[in-house]
């Protein structure tokens, strides 16, 4: 990650490659963005806009899919049948959200097979938070409260992203995810009202997930290479630091309800700013994990590769069956 | 459980991994009786029978639908976005097609 | 039932029919609700059905994040969630007989106290094994619940009425995959044939009667409430034979496993499965989650 100078978003034009498209096409694209309307898949768009979207949307989809794993690992051990059902439904939703996002990405002309290959070959990025381990049940609470909480803060503005299919996928995802954060909060609440051991488990999980969840908003604005252009394109609506601040301001009162603390001695209300101050995050660690050197990068990718490889014969068989039976009557014509 | 039998296949599966892609389907959901089917998104499935089931599993988990359509994405014919002018200009400027154009009858009941 | 035909007792003559209606509704509610306490025999019966559903849900839950395609992660999770729902209702109901919660029963019984059949204890294996297990079990369950919707026990009846529709979908899912894997490629066909050989021995136990019968007849406490499993066998056989034939597969002529799950005699697979399922709950006995 290179450190670039802070930029004001609107100094960047919506169309970067002036050589692309006809004058008319570029003008139409610019006016749609300027009017805060939606670009649809078959509209002309600058190739950099398309690339940015494919990258961001597929990273988002990969994050949902890889993000299933730390929680799926606890489905078999959930400590009550109610929690087991909730967790299963939540991990299932994540598969669903990955699918919505892959499907939106495919409208830009990049197939899921290509995206999946990039993922399992280690060429694609996904949210680095999922490379941290979830060793205790309280991690299910902390992931729901902090990780999904951060995701929601990130995602709500994306419901107005300028690319129609992305915005529509996000609307559906945000609607469904509203229970994810709550169930996490309630897991922690239950633990904090429980035995000493349960309380310690909860505090320990929050200690481990707090900083990584704040890093989910990406590097500080001054160092964020893609932010300015994404904001000019109305893909991104708020800067990384703005969203991070919003998240911290939201968390502190919730932590008070839980009776849980954050491992940040600098966390304090700043009357003047009207916001909570918080300490510097360890961006070297962030860069390390992002570069593939986090605690679980290798095992997460291996699990995805295994699922894909183990399933190959099934996908082939289903495709072969479809070819063999093509032309036979299909049940239920649309009505 | 038939481990020896399976292990033979494991190698073949690895070799062939990832080369079979199921086609893409567009999914339309009727959210309630009396309403039209509305486009919900897309998914992959090997054939129509599985596509409609996958659509049920993916897009109606929260009682969003009472009926599902699936259409192969490749079978959708769309208007040409470059011909937007030719297609949609004609409807512009023909306000007399809308009731709001007729202002003199305002205030007359049941009209 | 016509309300006006009901014999009217001495007082509150004028509004009695309305009161009756309300009371009838209360009975109907309690049938799906909180109050009815089953006899021990009915509780034992519900426990067997509930354990089957619980163990199978536990197994299918392991597919989530590992399925052959993402759409199938979602499909298998739906089936697992349905089964877990059935298990929770059945265990909650059974538990009332012993003043135990669904979680007491799921997490604090030892292996011999479980009543699950061996089929659901068999591991997921490859996708073919999971599909064959699903085909066998959902076909059996469909016939079972189709009969239990006529149960005179209102709770069993209510659970079956919801479950039978869900299981109908599970069976369809298994049938569709059986066709695709049976006919698809040489490899998928061979894997299905192997899975059938591995799992068919456990079919017989599903239709063992001894847990619910005495002297060849349904135990009197279960009369009208439970189903004699062997009576479901013919329909199961003809339905599965039809599916296997369409899928160009056959039910193998193979040995019959001895079963014993309903008596608490289990396969080797159940112990580790329970150890994993129960580990956290048992580390914190009495804790609330």
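Residue numbers (the working numbering), protein chains in the order written: chain A, 3 to 337; chain B, 21 to 131; chain C, 27 to 315. Cβ coordinates follow ideal geometry from the N, Cα and C atoms, glycine included. Every value quoted in this text rests on a predicted model; they were computed, and no experiment measured them.
- Query: Closer than 7 Å, CB to CB, is residue 97 of chain C near chain B or not?
  - Reply: Here residue 97 of chain C refers to the residue found at position 71 of the third chain. Yes, residue 97 of chain C lies at the interface with chain B (some Cβ there is under 7 Å from its Cβ).
- Item | When A:221, A:75, A:199 and A:95 are compared against residue 129 of chain A, the one with the closest alpha-carbon | Locating residue 129 of chain A in the first chain gives position 127, where the first residue counts as 1. The shortest C-alpha separation from residue 129 of chain A is found at A:221.
- Could you tell me how far apart the beta carbons of residue 124 of chain A and residue 187 of chain A are, in whole angstroms, since I believe they sit closer than 8 Å? Here residue 124 of chain A is taken as the residue at index 122 of the first chain, counted from 1. Here residue 187 of chain A is taken as the residue at index 185 of the first chain, counted from 1. Rounded, the Cβ-Cβ distance is 34 Å, inconsistent with contact.
- Which chain B residues sit within Cβ distance under 8 Å of residue 98 of chain A? Within the first chain, numbered from 1, the residue matching residue 98 of chain A stands at position 96. Residues of chain B passing the Cβ test: 78 and 81.
- Message: If we define contact as Cβ-Cβ less than 7 Å, is residue 101 of chain B a contact residue for chain A?
- Response: Taking the second chain and counting its residues from 1, the one referred to as residue 101 of chain B is at position 81. It does; some Cβ of chain A falls within 7 Å.
- Distance between beta carbons of residue 232 of chain A and residue 54 of chain A, contact taken as under 8 Å: If you number the first chain from 1, residue 54 of chain A lands on position 52. If you number the first chain from 1, residue 232 of chain A lands on position 230. Indeed, because the Cβ distance is near 6 Å, the residues count as touching under 8 Å.
- Query: Along the chain, where does the alpha helix (DSSP H) that runs through residue 255 of chain A open and close?
  - Reply: Here residue 255 of chain A refers to the residue found at position 253 when the first chain is read from its first residue. Unbroken alpha helix (DSSP H) run through residue 255 of chain A: 242-260.
- Query: Beta-carbon separation of residue 61 of chain B and residue 60 of chain A under 7 Å?
  - Reply: Numbered from its first residue, the second chain carries residue 61 of chain B at position 41. Numbered from its first residue, the first chain carries residue 60 of chain A at position 58. No, they are not a contact pair.
- Check the Cβ of residue 98 of chain B against every Cβ in chain A and list those closer than 9 Å, keeping chain order. Your numbering for residue 98 of chain B matches position 78 in the second chain. Chain A residues near residue 98 of chain B: 44.
- Message: Can you tell me whether residue 50 of chain B is helix, strand or coil according to DSSP?
- Response: For this step, residue 50 of chain B is matched to residue 30 along the second chain. Three-state DSSP puts residue 50 of chain B in a strand.
- Query: So, do the region 69-88 of chain B and the region 194-205 of chain C have three or more beta carbon pairs nearer to each other than 8 Å?
  - Reply: yes
- residue 35 of chain A - partner residues in DSSP beta bridges: Position 33 of the first chain, counted from the start, is the residue given in the question as residue 35 of chain A. None; residue 35 of chain A has no bridge partner.
- Message: Quick check: what's the CA-CA separation for residue 217 of chain A versus residue 237 of chain C?
- Response: Locating residue 217 of chain A in the first chain gives position 215, where the first residue counts as 1. Locating residue 237 of chain C in the third chain gives position 211, where the first residue counts as 1. Distance between the alpha carbons of residue 217 of chain A and residue 237 of chain C: 58 Å.
- For residue 230 of chain C, three-class secondary structure by DSSP: By one-based count along the third chain, residue 230 of chain C stands at place 204. Helix at residue 230 of chain C.
- Since residue 215 of chain A is in the beta strand (DSSP E), which residue starts that stretch and which ends it? Reading the first chain from its first residue, position 213 is the one you call residue 215 of chain A. No beta strand (DSSP E) holds residue 215 of chain A; the alpha helix (DSSP H) holding it covers 198-217.
- Measuring CB to CB, does residue 71 of chain C end up less than 7 Å from residue 144 of chain C? For the purposes of this step, residue 71 of chain C is taken as the residue at position 45 of the third chain. For the purposes of this step, residue 144 of chain C is taken as the residue at position 118 of the third chain. Not in contact: residue 71 of chain C and residue 144 of chain C (Cβ atoms no closer than 7 Å).
- Item | residue 257 of chain A vs residue 207 of chain A beta-carbon contact at 7 Å | For the purposes of this step, residue 257 of chain A is taken as residue 255 along the first chain, with counting starting at 1. For the purposes of this step, residue 207 of chain A is taken as residue 205 along the first chain, with counting starting at 1. Taking 7 Å as the Cβ cut-off, residue 257 of chain A and residue 207 of chain A do not qualify as a contacting pair.
- Query: Do residue 215 of chain C and residue 208 of chain C have their C-beta atoms within less than 7 Å of each other?
  - Reply: Residue numbering aside, residue 215 of chain C sits at position 189 when the third chain is read from its first letter. Residue numbering aside, residue 208 of chain C sits at position 182 when the third chain is read from its first letter. Contact flag set, yes.
- Message: Which residue wins for smallest C-alpha separation from residue 92 of chain B, given the options B:51, B:131 and B:59?
- Response: In the second chain, counting from the first residue as 1, residue 92 of chain B sits at position 72. The option with the nearest alpha carbon to residue 92 of chain B is B:59.
- Item | Simplified DSSP state of residue 107 of chain A, which is helix, strand or coil | Your numbering for residue 107 of chain A matches position 105 in the first chain. Helix.
- Spatial distance of residue 312 of chain C from residue 114 of chain A (CA atoms): Counting from one through the third chain, the residue named residue 312 of chain C turns up at place 286. Counting from one through the first chain, the residue named residue 114 of chain A turns up at place 112. Their Cα atoms are separated by approximately 47 Å.
- Item | Outcome for residue 56 of chain C when other beta-carbon atoms lying within 10 angstroms are tallied against a minimum of 16 | In the third chain, the residue the question calls residue 56 of chain C occupies position 30. Low local confidence applies: a pLDDT of 45 at residue 56 of chain C is under 50, so the model's placement there is unreliable, and no value is given.
- chain B contact for residue 132 of chain C (CB, 7 Å cutoff): Mapped onto the third chain, residue 132 of chain C falls at position 106. No, no contact with chain B.
- Message: With H, G and I counted as helix, E and B as strand and the rest as coil, what does DSSP make of residue 61 of chain B?
- Response: Mapped onto the second chain, residue 61 of chain B falls at position 41. Correct three-state label for residue 61 of chain B: strand.
- Would you verify that the beta carbon of residue 22 of chain A is, or is not, closer than 7 Å to some beta carbon of chain B? Taking the first chain and counting its residues from 1, the one referred to as residue 22 of chain A is at position 20. By this cut-off, residue 22 of chain A is not an interface position.
- Item | Other residues of its chain near residue 309 of chain A: CB distance less than 6 Å, five sequence neighbours each side excluded | Taking the first residue of the first chain as position 1, residue 309 of chain A is located at position 307. Counting only Cβ-Cβ distances below 6 Å, and skipping sequence neighbours, we find nothing.
- Query: Excluding sequence positions up to five away, which residues of its chain have a Cβ less than 6 Å from the Cβ of residue 106 of chain C?
  - Reply: Looking up residue 106 of chain C in the third chain gives position 80. If we look at residue 106 of chain C and ignore the five residues flanking it on each side, its Cβ neighbours are 83, 86 and 87.
- Closer than 7 Å to chain A by CB, residue 100 of chain C: Here residue 100 of chain C is taken as the residue at index 74 of the third chain, counted from 1. Taking Cβ atoms only, chain A reaches closer than 7 Å to residue 100 of chain C, which makes this a yes.
- Task: State the DSSP-derived secondary structure class of residue 142 of chain C, mapped to helix, strand or coil.
- Result: Stepping through the third chain from its first residue, residue 142 of chain C is reached at position 116. Three-state DSSP puts residue 142 of chain C in coil, outside helix and strand.
- Item | Residues of its chain near residue 87 of chain B, where Cβ-Cβ distance is below 6 Å and the 5 sequence neighbours each way are ignored | Here the question's residue 87 of chain B lines up with position 67 in the second chain. Apart from sequence neighbours up to five positions away, the residues of its chain that approach residue 87 of chain B with a beta-carbon distance below 6 Å are 50, ordered along the chain.
- C-alpha gap between residue 83 of chain A and residue 307 of chain C, whole angstroms: Looking up residue 83 of chain A in the first chain gives position 81. Looking up residue 307 of chain C in the third chain gives position 281. Looking at the two C-alpha atoms, the distance is approximately 11 Å.
- Message: Across the region 285-302 of chain C and the region 133-149 of chain C, are there enough close Cβ pairs to call them in contact, namely three or more that are closer than 8 Å?
- Response: yes
- Through-space distance from residue 265 of chain C to residue 275 of chain C, alpha-carbon basis: Numbered from its first residue, the third chain carries residue 275 of chain C at position 249. Numbered from its first residue, the third chain carries residue 265 of chain C at position 239. For residue 275 of chain C and residue 265 of chain C, the distance between alpha carbons rounds to 13 Å.
- At which residue ranges does the region 176-254 of chain C contain complete beta strand (DSSP E) runs of 3 or more residues, listed in the order of the chain? none
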